[in-house]
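Counting in our numbering, the sequence shown runs from 2 upward without gaps.
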Amino acid sequence: MSTTLLQTMDEQAADELDTSLGSLPPREPTTAEKMRGLPWSIFTNLTNTFFVQFTFFGSVFVLFLNQLGLDKGQIGFLLSPVHFAGLIALFVAPYTARFGYKRTFVSFYTTRKIIAAFLIITPWFAGRFGPMGALYYVASVVILFALVRAIEETAYYPWVQQFVPNAIRGKYSAASSIATTASGFVAVTIASYIIGISSGYWGFQLLIGVGVLFGLVSAW
Numbered sequence: 002m003s004t005t006l007l008q009t010m011d012e013q014a015a016d017e018l019d020t021s022l023g024s025l026p027p028r029e030p031t032t033a034e035k036m037r038g039l040p041w042s043i044f045t046n047l048t049n050t051f052f053v054q055f056t057f058f059g060s061v062f063v064l065f066l067n068q069l070g071l072d073k074g075q076i077g078f079l080l081s082p083v084h085f086a087g088l089i090a091l092f093v094a095p096y097t098a099r100f101g102y103k104r105t106f107v108s109f110y111t112t113r114k115i116i117a118a119f120l121i122i123t124p125w126f127a128g129r130f131g132p133m134g135a136l137y138y139v140a141s142v143v144i145l146f147a148l149v150r151a152i153e154e155t156a157y158y159p160w161v162q163q164f165v166p167n168a169i170r171g172k173y174s175a176a177s178s179i180a181t182t183a184s185g186f187v188a189v190t191i192a193s194y195i196i197g198i199s200s201g202y203w204g205f206q207l208l209i210g211v212g213v214l215f216g217l218v219s220a221w
């Protein structure tokens, strides 16, 4: 009977140990593991630069809006949501922390690339509903993109503090800056060439499509 009692106590102790281990937070990556991931982070920033230049943030987007027949006031209106949407960070920050910074960033970072793809069909709205139809359509896409981007950015900055070791944060920022500057120069050069040889909308649609592909690669 004593043997049976001891076995029962051992089983209970094992169950309690498993339960306590299961409740522990996930192990934080070591510095060596973080270091191995940094080149991929820089690659993400590099490929994302093409997305940035070919979609909402470069001169391509402004020229695209001008090609749609929008005036300066309308173009300025469409450029503003991306900057003002950051105000929602105060409200969404607690939820990004609860959901997880990395999970929030990856989810919304990928989502905004998909949203940008809807710019490709803007000429159809312009042809069917005129410049005002294009304005309303692009405004809807831009506002949705801006809100998703604001949530993603809210999660990114706390997360980057976690995956970049403090000792090399300056070197990481410098390397990332060099990569994005070089890729930005290449992107602008390519965009200038494509727009120069194209007529109508196809050059802009091509650049936006390529930019979205680069964006999805950066999310992968």
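Every residue, glycine too, gets a C-beta built ideally from N, C-alpha and C.
Within a Cβ cutoff of 7 Å, which residues of the same chain sit near residue i, ignoring the five residues on either side of it in sequence?
i, result
"residue 111", "220"
"residue 210", "121"
"residue 140", "79"
"residue 53", "59"
Going by beta-carbon coordinates alone, are residue i and residue j separated by less than 9 Å?
i, j, result
"residue 47", "residue 169", "no"
"residue 213", "residue 115", "yes"
"residue 202", "residue 163", "no"
"residue 173", "residue 76", "no"
"residue 143", "residue 83", "yes"
"residue 197", "residue 51", "no"
"residue 97", "residue 175", "no"
Quick one: what does DSSP say residue i is sitting in, helix, strand or coil?
i, result
"residue 42", "helix"
"residue 145", "helix"
"residue 132", "helix"
"residue 221", "coil"
"residue 57", "coil"
"residue 101", "coil"
Would you mind working out which of the options sits nearest residue i, comparing C-alpha positions?
i, options, result
"residue 79", "133, 101, 96", "133"
"residue 135", "143, 145, 124, 42", "124"
"residue 204", "53, 51, 61, 157", "61"
"residue 149", "193, 88, 166", "88"
"residue 104", "218, 81, 73, 152", "152"
"residue 107", "71, 72, 208, 158", "158"
"residue 208", "192, 178, 99, 86", "192"
"residue 131", "70, 183, 218, 65", "70"
Looking only at its own chain, which residues have a Cβ that is under 6 Å from the Cβ of residue i, when we skip the five neighbours before and after it?
i, result
"residue 126", "134, 135, 138"
Spatial neighbours of residue i within its chain, please: CB distance less than 8 Å, with the 5 preceding and 5 following residues excluded, ordered by chain position.
i, result
"residue 194", "none"
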